[in-house]
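Participant: Following our numbering, the numbering of the sequence shown begins with 1 at its first residue and continues without gaps.
Even glycine gets a Cβ: it sits at the ideal position worked out from N, Cα and C.
Sharing a structure with you now.
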Amino acid sequence: MADKVTSYDLSALQSALTNKDEGVIQQLHGKHLLQLESSLQQRYPQLDMVPTDRVAEKLLPNSALNYRPLVTPADGNCFFNAVSIALVGSTTLAETLRLLTHFTAIEIGRANNNYFLHPIIETAMSLPCVHQRENHMSMLISDDEVEHTRHGNGDMEVLRQLAIKTSTDGYWAGFIHFLAVSNVTGYNIKSFYPQTDCLCEPMKLLLNSSVPP
């Protein structure tokens, strides 16, 4: 759950994205980037004080049995909560990370589409799936945003629409958010997903991957 200040900033960001107000977007980005950098300069969090998630522990895939899953609030911000806990030992940075993610996702789109050619995505695109994605962009986004790609709106507009939704407290996070948070924090993001037959092979690969900055 966002505090009052960050909730206000998320609403302001959503409005600025909708109205394409670059001045407000840059101001909010700068403010929260400083907050993140300041927090990361503090001493390393005492993660041994964070309780183990016993349910998640039973769902760990074989490749992650040497990891200890930590209790993370299930408030719709699970990914951002988890990264915040890993960074500072609490969820205090969760909404700052959410706010910064939108900006980095858009920057990813501006960087000559290099992130769309990420080796993991390239490999995922080559795997068989009954729900085969149509292009590299569609591997990164939710079904709602895929409709924008089908309508020929262009990658940047698709990312802008995703950024607007990402600035909503509790909104879904996916692989593009892994890329963005890794970029903005400078840390490797390692993702594990429970063993299941419900996911197609490309999504299994993306959700069980390691993403460098």
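1) If the criterion is Cβ atoms closer than 8 angstroms, does the pair Pro-69 and Asp-53 meet it?
2) Are Pro-213 and Ser-191 close, meaning C-beta to C-beta below 8 angstroms?
3) Here's the rule I'm using: 16 or more other beta-carbon atoms within 10 Å means buried, otherwise exposed. How should Met-156 be labelled?
4) What number of angstroms, rounded off, separates the C-alpha of Phe-80 from the C-alpha of Leu-97?
5) Within 10 angstroms of its Cβ, does Pro-202 collect 16 or more other Cβ (buried), or is it exposed?
6) Could you tell me the distance, in whole angstroms, from the CA atom of Leu-127 to the CA atom of Tyr-171?
7) If you run the structure through DSSP and keep just helix, strand and coil, what is Val-55?
8) According to the neighbour-count rule (16 or more other Cβ atoms, all chains shown, within 10 Å of its Cβ), is Asn-112 buried or exposed?
9) Is the beta carbon of Thr-101 sitting closer than 8 angstroms to the one on Pro-73?
10) Using C-beta distances below 7 angstroms, list every residue in its chain close to Val-24, excluding the 5 sequence neighbours before and after it, in chain order.
11) Relative to the C-alpha of Leu-65, which candidate in Ser-39, Pro-194 and Arg-160 has its C-alpha closest?
12) Helix or strand or just coil, what does DSSP make of Leu-215?
13) Which stretch, first to last residue, makes up the alpha helix (DSSP H) that contains Phe-175?
14) In the structure shown, what three-state DSSP assignment does Ser-209 receive?
15) For Lys-58, count neighbouring C-beta atoms within 10 Å of its own C-beta (all shown protein chains included) and say buried if the count is 16 or more, exposed if not.
16) State yes or no: is the C-beta of Leu-55 within less than 8 angstroms of the C-beta of Gly-89?
17) Assuming Leu-99 contacts Asp-9 under a Cβ cut-off of 8 angstroms, what Cβ separation, rounded to an integer in Å, is found between them?
18) Ends of the alpha helix (DSSP H) at Leu-87?
19) Sorted by chain position, which residues of the same chain lie with C-beta nearer than 8 angstroms to Leu-205's C-beta, five sequence neighbours on each side aside?
20) What residue range is occupied by the uninterrupted alpha helix (DSSP H) comprising Met-125?
21) Leaving out five residues on either side along the sequence, give the residues of the same chain with a beta carbon under 6 angstroms from the beta carbon of Leu-207.
22) Within 10 angstroms of its Cβ, does Asn-77 collect 16 or more other Cβ (buried), or is it exposed?
Facilitator: The structure says:
1) Within the sequence shown, numbered from 1, the residue matching residue 69 stands at position 69. Within the sequence shown, numbered from 1, the residue matching residue 53 stands at position 53. Yes, Cβ-Cβ distance for Pro-69 and Asp-53 is below 8 angstroms.
2) The residue given as residue 213 occupies position 213 in the sequence shown. The residue given as residue 191 occupies position 191 in the sequence shown. Taking 8 angstroms as the Cβ cut-off, Pro-213 and Ser-191 do not qualify as a contacting pair.
3) Counting from 1 along the sequence shown, the entry for residue 156 is found at position 156. Met-156 is exposed by the Cβ-count criterion.
4) Counting from one through the sequence shown, the residue named residue 80 turns up at place 80. Counting from one through the sequence shown, the residue named residue 97 turns up at place 97. The straight-line gap separating the alpha-carbon atoms of Phe-80 and Leu-97 is approximately 6 angstroms.
5) Counting from 1 along the sequence shown, the entry for residue 202 is found at position 202. Classification of Pro-202: buried, given that the 10 Å Cβ count is 16 or more.
6) Taking the sequence shown and counting its residues from 1, one reaches residue 127 at position 127. Taking the sequence shown and counting its residues from 1, one reaches residue 171 at position 171. When rounded, the distance between both Cα atoms is 28 angstroms.
7) Within the sequence shown, the letter at position 55 stands for residue 55. The answer is helix: DSSP assigns Val-55 an H, G or I state.
8) Residue 112 sits at position 112 when you count from the first residue of the sequence shown. Since pLDDT at Asn-112 reaches only 46, below the 50 mark, its modelled position is unreliable, and no value is offered.
9) The count along the sequence shown starts at 1 and reaches residue 101 at position 101. The count along the sequence shown starts at 1 and reaches residue 73 at position 73. Between Thr-101 and Pro-73, the C-beta spacing is not below 8 angstroms.
10) If you number the sequence shown from 1, residue 24 lands on position 24. Excluding sequence neighbours, Val-24 sits near Ala-12 and Ala-16.
11) In the sequence shown, the residue the question calls residue 65 occupies position 65. Measuring from the Cα of Leu-65, the nearest candidate turns out to be Pro-194.
12) With the chain running from 1 to 213 in the structure shown, residue 215 is simply not present.
13) Locating residue 175 in the sequence shown gives position 175, where the first residue counts as 1. From DSSP, the alpha helix (DSSP H) with Phe-175 extends over 175–185.
14) One-based indexing of the sequence shown puts residue 209 at position 209. Residue state, collapsed to three classes: coil.
15) The residue labelled residue 58 in the question sits at position 58 within the sequence shown. Exposed, by the Cβ-count rule.
16) Residue mapping note: residue 55 aligns to position 55 of the sequence shown, counting from 1. Residue mapping note: residue 89 aligns to position 89 of the sequence shown, counting from 1. Going by the sequence as given, residue 55 is Val instead of Leu. No.
17) Start at 1 with the first residue of the sequence shown, and residue 99 comes out as number 99. Start at 1 with the first residue of the sequence shown, and residue 9 comes out as number 9. In this structure Leu-99 is in contact with Asp-9, their Cβ atoms being roughly 6 angstroms apart against a cut-off of 8 angstroms.
18) Translated into positions along the sequence shown, residue 87 becomes position 87. For Leu-87, the enclosing alpha helix (DSSP H) begins and ends at 78–88.
19) The residue you call residue 205 lines up with position 205 of the sequence shown. Within the same chain, Leu-205 has close Cβ partners Ile-120, Thr-123, Ala-124 and Leu-127.
20) Locating residue 125 in the sequence shown gives position 125, where the first residue counts as 1. Where Met-125 is concerned, the enclosing alpha helix (DSSP H) stretches over 119–126.
21) Within the sequence shown, residue 207 is the residue found at index 207, counting from 1. Contacts found: Ser-191 and Tyr-193.
22) Against the sequence shown, residue 77 aligns to sequence position 77. Asn-77 is buried by the Cβ-count criterion.
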